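Report on the structure given below.
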Amino acid sequence: MSATSRVVVVGAGVGGLAAAARLAAQGHRVVLVEQAEGVGGKLGVERHDGFVFDTGPSLVTMPHLLEELFADTGAPLSQALDLQRLDVACRYTFPDGVVLDLPGELAAIPAALDAALGPGRGAQWTAFLRRAERIWDVTHEPFLESPVGAGDLVRLSRRVGDVTAVAPWRSLRALGASYLQDPRLRMLLDRYATYTGSDPRRSPAALAAVPWAEQAWGSWYVAGGLGRIAEALLQRCRDLGVEVRLGTEASAVLTDRGRASGVRLRDGSVLDADVVVANADATQLYSRLLGGPVARRQQRRLARTTPSLSGFVLLLSLDDPPADQPHHHVLFAEDYDDEFDSVFGLRGRGRPVARPTVYVSAPSDPAIVPGPGTGAWFVLVNAPRHDPVGGTDWDAPGLSASYADTVLDLMAERDLDVRDRVRHRQVISPADLERRTMTPGGSIYGSSSNGARAAFLRPANRSPVPGLYLVGGSSHPGGGLPLVVLSARIVADLVGGA
Ligand SMILES: Cc1cc2nc3c(=O)[nH]c(=O)nc-3n(C[C@H](O)[C@H](O)[C@H](O)COP(=O)(O)OP(=O)(O)OC[C@H]3O[C@@H](n4cnc5c(N)ncnc54)[C@H](O)[C@@H]3O)c2cc1C
């Protein structure tokens, strides 16, 4: 596209904000509409009596992608955000009570594994990571950084050595089992499947690239909370002249002679456009915003995927929190398979996990608490989607409150008892996430990676309707902040400069 285009971006999640900033920097006239009263989408923030909580992401990985986004659209990231690398990436407490503080530096990991889990564990993990790095090398350019299409499959399959590395016929679980003899290392690896909302037994071995990327580039925090990323992106959009309309819901994507021609808003008014970028979940786009045979075909494709899992979130305002808490702490379940069986359920009928893995984020940051001796903790467990018809109805009276008690009791059982320190608590259930972000079922990552073909069924960034593009976690290359930021780069490249 060579002339200045009128672009409408639907949704101000990280994907929508990043795409809007890039397209404005490329010279287009951009209007960004967001149904909520604030930006950020799943990267949300809650405030209560001086406590500040991130309600979504708590971990930044691959920070160079954020740096690239800021550099490409104006002043560098360091002028907008204070990114801090964590010395301890995460503390893991295993079901046998063993505690591992995983270092934030790759070189220090083998010794830490030997010390916590026993001699030889570092070597097992290193051998696995070598394979994971090879998978990353082969996949990141054609699969993560380019618009995916059938051609990429063909290109990859011509390079037989590469296919052997990626092992598309194997699951992440199976790949791990061939390198990792210690069941705790296999558990550690399984958890990375949940970074894409998936089941390690059914997701492809290619997901081994996830721990590689995390451990190679480190684990990061943003001073003041990750919500600052959304604030900084909003500011960047405004600096570039993007017109941001909050509290403005799109009700349809309009077409004219087969091309995207604008967006109808809920109040009935129309925004004309040459290009429409949908940051709204792909399921919403193809089932509600767009009509006709093209949308129905895309809906049928989506129906062949398994939606990603959701999350049950507890925000805890604590008095006198335990002193020695690391930033991230994972308390593993005794039976991880039961967790995945419950969340994905038989025929998609998920149910809350009886004894889930519990993840606690307890940043030590004075900017997010009202004063010394207090803590703003984010607690997350994997949860089935909100599905009042066939699965779990998270709005059922009493369910969220009693499940919050279950999670707090489990933490206590696993030596992290904060029950008598809770000044205030707030639950965000999958149903709440659905309402806040208009994400069907509250699926965090769109479709999951379950199944060998999942990556190819994931909606493409260029829709079959000319002029209509998809950005964000429910489209290619997938969910999580780094991939969402990549999807914005792909879309901006596809649209081109003015
Ligand atoms: C509990 C939780 C923990 C997470 N942890 C991490 C983590 O530690 N690290 C990490 O990298 N990622 C994490 N993620 C994932 C990450 O938050 C998402 O992948 C990412 O924020 C998705 O961004 P997005 O732009 O694709 O979509 P969204 O954030 O869903 O944004 C879509 C936006 O579109 C708006 N919208 C929808 N429909 C309409 C409409 N019709 N009209 C107008 N506006 C509309 C929505 O309100 C929303 O603001 C987590 C997510 C959750 C929920």
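If you're matching positions, the sequence shown starts at 0 in numbering that gives the first Met the number 0 and goes up one per residue.
By construction, the Cβ of each residue, glycine as well, lies at the ideal position given by its N, Cα and C atoms.
None of these values were measured; they are calculated from a predicted model.
Counting the other CB atoms within 10 Å of its CB gives residue 218 a total of 16 or more, which places it among the buried residues. Contact between residue 270 and residue 261 holds: their C-beta atoms lie close to 5 Å from each other, under 8 Å.
About 6 Å separates the beta carbon of residue 101 from that of residue 111, a gap short enough to meet the 8 Å contact definition. Ranked by Cα distance from residue 47, the options 393, 316, 385, 390 are led by 316. Between residue 430 and residue 394, the C-beta gap is smaller than 8 Å, which places the two residues in contact. In the same chain as residue 3, and ignoring 5 residues on each side of it, the C-beta atoms closer than 8 Å to its own belong to 26, 27, 28, 497, in chain order. Here the alpha carbon of residue 451 sits roughly 15 Å from the alpha carbon of residue 196.
Nearest to residue 93 by alpha-carbon distance, out of 494, 412, 453, 454, is 412. By the criterion of at least three beta-carbon pairs nearer than 8 Å, the stretch 342-359 is in contact with the stretch 369-382. Put simply, the stretch 323-341 does not touch the stretch 468-476. Fewer than three CB pairs are less than 8 Å apart.
Remark: the shortest separation between the CB of residue 437 and any heavy atom of ligand 1 falls under 7 Å. Short of 6 Å from the beta carbon of residue 273, and not among the five residues preceding or following it, lie these beta carbons of its own chain, in chain order: 4, 5. With respect to the C-alpha of residue 254, the residue from 236, 245, 288, 369 having the closest C-alpha is 288. Secondary structure in the stretch 402-478: the beta strand (DSSP E) runs of 3 residues or longer, each lying completely within the stretch, are 421-427, 467-469 in chain order.
One Cα belongs to residue 108, the other to residue 121, and the distance between them is close to 7 Å. Residue 484: member of the alpha helix (DSSP H) spanning 480-494, first to last residue. Taking C-beta atoms as the reference points, residue 130 and residue 229 fail to come closer than 8 Å.
Closest in C-alpha terms to residue 437, from the list 24, 21, 39, comes 39. Residues 185 of the same chain have their beta carbon placed closer than 7 Å to that of residue 176, with the five preceding and five following residues left out of the count. Of the residues assessed, residue 168 falls on the exposed side of the cut-off, its CB having fewer than 16 other CB atoms within 10 angstroms. Assigned with DSSP and collapsed to three states, residue 376 falls in strand.
Beta-carbon to beta-carbon, residue 486 and residue 225 are separated by about 18 Å, too far to satisfy the 8 Å threshold. Nearest in C-alpha terms to residue 416, of all of 359, 8, 478, 67, is 359. Out of 125, 277, 181, the CA that lies nearest to the CA of residue 214 is found in 125. At a threshold of 7 Å, residue 57 counts as near ligand 1, since its beta carbon sits closer than that to one of the ligand's heavy atoms. A residue is called buried when at least 16 other Cβ atoms come within 10 angstroms of its Cβ; residue 462 meets this threshold and is buried. Taken in chain order, the unbroken stretches of alpha helix (DSSP H) that lie wholly in the stretch 197-255 and span 4 residues or more are 208-216, 226-238. Within the chosen limit of 7 Å, ligand 1 does not reach the beta carbon of residue 213 with any heavy atom. In the three-state reduction of the DSSP assignment, residue 277 falls in the strand class.
Residues 66, 69 of the same chain have their beta carbon placed closer than 8 Å to that of residue 75, with the five preceding and five following residues left out of the count.
Inclusion of residue 54 and residue 314 in the CB contact set at 8 Å is warranted, their separation being smaller than that value.
For residue 328, the uninterrupted beta strand (DSSP E) run begins and ends at 327-330, by DSSP. Under the three-state reduction of DSSP output, residue 169 falls in the coil class, being neither helix nor strand. When the beta-carbon positions are compared, residue 242 and residue 31 come within less than 8 Å of each other. Between the alpha carbons of residue 106 and residue 173 lies a distance of about 26 Å.
Judged by DSSP in its simplified three-state form, residue 360 adopts strand.
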